[in-house]
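Participant:
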């Protein structure tokens with residue numbers, strides 16, 4: 155059974171239906187799957203937070219494994235977007251393995267867009283929207299960190315736009331689950347699987363989350379926000 159644990163903010167957003175329509179977040183992500191080309195040299199890590207060895211394992215081993223496994227399962231899906239595969243396999247017991255690989259490929263590809271060495275300044279449009287919803291940018295960061303720390307086990311913590319209300323919401327998902335099968339458009343995420351940080355931070359998830367803000371590509375997040383807000387159902 156699909157499970158999407160939500161923070162208080164997300165409880166205001168209906169979860170079914172609209173996310174299944176034509177909104178595509180990463181249209182270049184298609185089948186057969188390939189590792190995305192990163193906007194930075196992963197062999198140098200993502201300074202000052204992620205070491206070269208950590209990103210080598212995360213991108214070059216874990217993400218690649220999802221891509222390779224997906225490509226053994228998708229016969230007949232040639233040319234389809236990964237998002238279409240995620241939606242068509244979601245909730246189907248006989249397609250669970252394929253769903254997991256496709257979802258993790260999407261989740262990681264989206265994650266890499268959200269990160270960049272040294273981070274970027276947050277554009278005013280995004281900062282204003284975050285402050286309007288959460289009070290201040292710092293309050294948002296604190297709430298996002300708290301949600302991620304309390305997301306039990308492996309999974310992801312997301313900042314999304316509700317397609318119906320256009321509100322910003324913070325969402326926790328477990329394992330490979332991602333918000334695109336619901337009425338939510340993700341604009342930012344943090345990976346809380348241990349393979350995302352264990353080489354650098356061991357079991358200190360709160361420290362990893364606190365440091366993560368130093369490498370956020372807020373320009374990409376702002377672009378994703380603008381796209382989500384401009385989409386008409």
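Residue numbers (our numbering): 155 to 387.
Each residue gets a CB set at the ideal place from its N, CA and C atoms; glycine is no exception.
No experiment lies behind these values; they were computed from the predicted model shown.
#1: First and last residue of the alpha helix (DSSP H) that includes residue 339?
#2: DSSP state of residue 363, grouped into three classes?
#3: Run through the DSSP bridge pairs and tell me what residue 328 is partnered with.
#4: Quick one: is residue 342 buried, meaning 16 or more other Cβ sit within 10 Å of its Cβ, or exposed?
#5: Enumerate in chain order the residues of its own chain whose CB-to-CB distance from residue 383 is below 7 Å, with the five nearest sequence positions on each side excluded.
#6: Can you find the residues in the same chain that come closer than 8 Å, C-beta to C-beta, to residue 295, ignoring five residues on each side of it along the sequence?
#7: Less than 7 Å separating the beta-carbons of residue 344 and residue 300?
#8: When you compare only the Cα positions, how much space is there between residue 325 and residue 198?
#9: Residue 359: buried (16+ other C-beta within 10 angstroms of its C-beta) or exposed?
#10: Does the region 331 to 342 come within contact of the region 226 to 244, defined as at least 3 CB pairs closer than 8 Å?
#11: Mind checking residue 208: buried by the 16 CB within 10 Å criterion, or exposed?
#12: Work out the CA separation of residue 272 and residue 357 for me, nearest whole Å.
#13: Contact criterion: CB-CB distance below 7 Å. Does residue 281 meet it with respect to chain D?
Facilitator: Walking through what the data contain:
#1: Looking at the DSSP string, residue 339 is not in any alpha helix (DSSP H); the run it does join, the beta strand (DSSP E), is 338 to 345.
#2: Secondary structure of residue 363 (DSSP, three-state): helix.
#3: BP columns for residue 328 point to 309.
#4: It counts as buried.
#5: A distance below 7 Å between beta-carbons, with the five flanking residues on each side excluded, links residue 383 to the following residues of its chain, in chain order: 315, 320.
#6: Within its own chain, the residues whose Cβ lies closer than 8 Å to the Cβ of residue 295, once the five positions on either side in sequence are excluded, are 367, listed in chain order.
#7: Against a cut-off of 7 Å, the Cβ pair of residue 300 and residue 344 comes out as no contact.
#8: Take the alpha-carbon of residue 325 and the one of residue 198: they are about 31 Å apart.
#9: Buried, by the Cβ-count rule.
#10: The region 226 to 244 and the region 331 to 342 touch, with three or more beta-carbon pairs separated by less than 8 Å.
#11: Its Cβ being crowded by 16 or more others within 10 Å, residue 208 is buried.
#12: Put simply, the backbone Cα of residue 357 is about 23 Å away from that of residue 272.
#13: Checking the listed chains, one finds no chain D in this structure; it contains a single protein chain.
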